[in-house]
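K.L.:
Chains as they are written, first to last, in the numbering used here: chain A, 459 to 657; chain B, 459 to 657. Beta carbons: idealized from backbone N, C-alpha and C, even for Gly.
1) If you scan the segment 587 to 628 of chain A from start to end, which runs of the beta strand (DSSP E) of 3 or more residues do you find wholly inside it?
2) Should residue 461(A) be flagged as near chain B, meaning a C-beta pair shorter than 9 Å?
3) Measure the C-alpha to C-alpha separation of residue 603(B) and residue 649(B) and round it to an integer number of angstroms.
4) Determine the extent of the beta strand (DSSP E) in which residue 483(A) is found, giving its start and end residues.
5) Does the beta carbon of residue 600(B) sit closer than 9 Å to a beta carbon anywhere in chain A?
6) Along the beta strand (DSSP E) that carries residue 472(A), what are the first and last residues, could you check?
7) Counting only Cβ pairs nearer than 9 Å, list the residues of chain A close to residue 496(B).
8) Who are the neighbours of residue 479(A) on chain B, taking C-beta pairs under 7 Å?
9) What distance in whole Å lies between the Cβ atoms of residue 482(A) and residue 635(A), which are believed to be in contact at a cut-off of 8 Å?
10) What number of angstroms, rounded off, separates the C-alpha of residue 497(A) from the C-alpha of residue 544(B)?
11) Tell me, which residues are paired with residue 674(A) by DSSP?
12) Could you name the residues of the segment 640 to 654 of chain A whose beta carbon sits closer than 9 Å to any beta carbon of chain B, in the order they occur along the chain?
13) Applying the 10 Å Cβ sphere with the 16-neighbour rule, what's the burial state of residue 573(B)?
14) Is residue 658(A) close to chain B? Criterion is C-beta to C-beta, closer than 9 Å.
15) Is there a C-beta anywhere in chain B that falls below 9 Å from the one on residue 515(A)?
16) On the DSSP bridge assignment, give the partners of residue 634(A) in chain order.
17) Looking at the C-beta of residue 503(A), does it have a partner C-beta in chain B at a distance below 9 Å?
18) Just the chain A side, please: which residues come within less than 8 Å of residue 507(B) by C-beta, in chain order?
19) Just to confirm my understanding: we take residue 616(A), look at its own chain, exclude 5 residues before and 5 after, and list those with CB closer than 8 Å. What are they?
20) Output yes if chain A places a C-beta closer than 9 Å to the C-beta of residue 492(B); else output no.
21) Using the DSSP secondary-structure output, state which residues sit across from residue 538(B) in a beta bridge.
22) Work out the CA separation of residue 627(B) and residue 623(A) for me, nearest whole Å.
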């Protein structure tokens with residue numbers, strides 16, 4: 459896995475031929491139990507790396523299109539899966555807990571529901587006030603510039619815009635780590651403001 | 459290939475198990491002939507993408523440890539290979555042209571020799587004053603923070619520091635794209651200044 463912008467955050471990626479961008483997953487190494495977010499399949503090397511970093515206790519999935527390898531990893535490790543409450547009725551895999559808007563998933567990790575996105579309960583996760591981890595609604599196709607999921611995929615553009623403006627108003631966001639596309643490690647709030655102004 | 463921060467710049471990557479970071483290559487699409495920098499092997503998909511974008515006319519190699527798949531790509535495409543003049547005597551593959559310090563490789567692409575690095579002629583390339591493409595001396599192991607090749611690998615630390623300070627003084631650098639580690643698409647000058655102050 460690749461170290462991200464903090465000593466306790468790691469990521470691994472998979473290039474997607476169809477979209478010509480990388481999909482990303484995040485590992486947060488923490489005393490109360492490590493967390494994987496939207497985990498892609500791990501290579502043997504990355505699996506070994508994860509074990510050295512303490513394995514995994516919790517898996518958080520931002521939306522039903524980002525289950526990726528979560529079920530398999532949970533089966534092999536005993537990790538608990540947390541999914542978005544808004545998608546409980548149709549979620550493709552079973553979850554141990556459903557996460558609601560403004561809920562503290564674990565200490566220091568707050569979930570925000572991104573209304574109007576392509577699935578009803580998509581979550582964005584704010585880690586210790588400074589690192590925003592997004593699922594599908596906020597993306598980065600062009601290095602350094604955040605973008606929105608295409609209009610055709612949104613269930614309600616107005617609500618999606620409101621959801622993004624709400625995040626852009628949060629103070630102190632440094633990094634934005636999208637599930638799809640380039641990560642931004644610095645000046646995250648600035649990029650969110652640019653996105654909010656552009657939509 | 460992944461779009462970088464400009465419509466005419468693309469990249470492709472390869473995760474390195476030993477260092478736990480991505481190696482990167484850059485494609486600059488331009489009217490006078492497309493350029494690849496430090497090209498890794500291309501997947502079939504990326505090769506097709508490259509063809510759609512006009513193929514390749516020139517390959518620039520920043521240092522002898524970054525030849526990667528250049529010779530093979532040149533053989534298959536007829537592209538000319540440009541290498542660092544300071545490594546001419548020992549360069550592992552034959553080059554069609556040797557690049558010197560402060561030389562304009564093609565219009566809008568200036569080469570700077572990074573003295574004191576692990577090889578004698580390592581080049582950094584400045585594209586249209588705003589995008590710095592580095593070989594091995596300037597790297598990015600921690601997202602958002604540039605770093606120097608470890609001291610043990612440098613031939614002359616003092617010269618290496620001078621080379622970096624020289625780049626940090628160039629006005630207007632927005633993006634820094636290291637061959638090894640995370641790209642920085644915004645506030646590149648700021649990151650270079652932080653690096654220059656820290657060494």
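P.N.:
In terms of the structure at hand:
1) You should have 589 to 592, 596 to 600 and 603 to 606.
2) Taking 9 Å as the threshold, the shortest C-beta distance from residue 461(A) to chain B falls below it.
3) CA-to-CA, the gap between residue 603(B) and residue 649(B) works out to about 6 Å.
4) 479 to 486 is the extent of the beta strand (DSSP E) around residue 483(A).
5) Yes, because at least one Cβ of chain A sits closer than 9 Å to the Cβ of residue 600(B).
6) Secondary structure note for residue 472(A): its beta strand (DSSP E) is the uninterrupted segment 467 to 474.
7) Ordered by position in chain A, no residue passes the 9 Å Cβ test against residue 496(B), which lies about 17 Å from the chain.
8) Ordered by position in chain B, the residues that pass the 7 Å Cβ test against residue 479(A) are 460.
9) The Cβ separation is near 7 Å, so the contact holds.
10) Cα-Cα distance, rounded: 45 Å.
11) It is not possible to answer for residue 674(A), since the shown part of chain A is limited to 459 through 657.
12) So the close ones are 640, 641, 642, 643, 644, 645, 648 and 649.
13) Note on residue 573(B): 16 or more other CB atoms within 10 angstroms of its CB, so buried under the neighbour-count rule.
14) Because chain A in this structure spans residues 459 to 657, residue 658(A) falls outside the shown range and cannot be described.
15) No, because no Cβ of chain B sits closer than 9 Å to the Cβ of residue 515(A).
16) For residue 634(A), DSSP records a beta bridge to 590(A) and 642(A).
17) Chain B, which has a Cβ nearer than 9 Å to the Cβ of residue 503(A), makes this yes.
18) Correct list: 478.
19) Excluding sequence neighbours, residue 616(A) sits near 574.
20) With respect to chain A, the C-beta atom of residue 492(B) has no partner C-beta closer than 9 Å.
21) Residue 538(B) pairs with 516(B).
22) Residue 623(A) and residue 627(B) have their C-alpha atoms some 37 Å from each other.
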